[in-house]
Amino acid sequence: MCIKFLGVKINCIAKFYVFSVNPSAFNSIEPLTGSNFKKWKRDLEIVLGLLDHDLALREEKPEVTADSNAEQKQKLEKWEKANRICLLVMKKSMTETICGGITESENAKEFLEAIGLKFKESEKAETGTLMTKLATMKYDGVVDMRIYLLSMIEVASKLKALEIPIADPFLYHTG
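The working numbering puts the first residue of the sequence shown at 11, with every later residue one more than the last.
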């Protein structure tokens, strides 16, 4: 099957190549700053998955021996390429300060886990801040009630993302 791209016939293999290495897709990943780890990780996994470069995050490195066949060697090559791309994208999508504080690894899955451990402490601080904010919110009568309720719901949603669900009745009684 062929398609036309900019007036030129391209077969499906070439089409896949054109879109699988499109660097502009990586620009949609917001840089990791510290407080946005969950969103950064989700965006990273989506982009790498859509571009079929997430193999190193999903599977362990295949073992290849002298007796391995061509298919097994090709699988290792594909994994190594995906691993290299994952590492490059992760490092490109974080600030130098953050990147410098993470233990280096040649394995993308291990590197992502190291980043996750680094920001586990950050989540605890964020949870405390959000809980305090929610507990001390009071309607002052100056802003619209709707805006006040939406801000409470926003804080509750952030807590839910941190796996601290807030029951709706709590929001109604504190509001």
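A virtual CB, placed ideally from N, CA and C, is assigned to each residue, including glycine.
Nothing here was measured: the structure is a model prediction, and the numbers come from that model.
Beta-carbon proximity check, residue i vs residue j, cutoff 8 angstroms
{"i": "Glu81", "j": "Leu67", "result": "no"}
{"i": "Leu86", "j": "Pro72", "result": "yes"}
{"i": "Lys88", "j": "Leu65", "result": "yes"}
{"i": "Asp53", "j": "Glu69", "result": "no"}
{"i": "Ser45", "j": "Glu123", "result": "no"}
Option in the options with minimal Cα separation from residue i
{"i": "Ala166", "options": "Ala177, Gly111, Gly151", "result": "Ala177"}
{"i": "Lys143", "options": "Leu169, Phe47, Ile125, Arg156", "result": "Leu169"}
{"i": "Glu120", "options": "Ala76, Leu61, Leu97", "result": "Leu97"}
{"i": "Glu173", "options": "Phe36, Pro41, Lys48", "result": "Lys48"}
{"i": "Met104", "options": "Pro175, Thr43, Met155", "result": "Thr43"}
{"i": "Lys148", "options": "Cys109, Gly138, Leu160", "result": "Leu160"}
{"i": "Leu58", "options": "Val152, Ile95, Pro72, Arg156", "result": "Ile95"}
{"i": "Asn93", "options": "Glu116, Ala76, Asp77, Ile112", "result": "Glu116"}
{"i": "Ile125", "options": "Lys51, Glu87, Ile39, Ser38", "result": "Lys51"}
{"i": "Met100", "options": "Glu164, Asn37, Pro175, Glu136", "result": "Asn37"}
{"i": "Thr107", "options": "Lys128, Lys91, Trp89, Glu87", "result": "Lys128"}
{"i": "Ala171", "options": "Gly151, Ala145, Met141", "result": "Met141"}
Boundaries (first-last residue) of the alpha helix (DSSP H) holding residue i
{"i": "Ser161", "result": "155-171"}
{"i": "Asp53", "result": "47-60"}
{"i": "Lys101", "result": "80-102"}
{"i": "Ile112", "result": "Neither: Ile112 is in no alpha helix (DSSP H) and is coded neither H nor E."}
{"i": "Ala66", "result": "65-68"}
One or two residues paired with residue i in a DSSP bridge
{"i": "Leu42", "result": "Met104"}
Check: residue i C-beta below 7 angstroms from any heavy atom of the ligand ZN
{"i": "Val74", "result": "In the structure shown, the ligand ZN is absent, as is every other ligand, since no ligand is present at all."}
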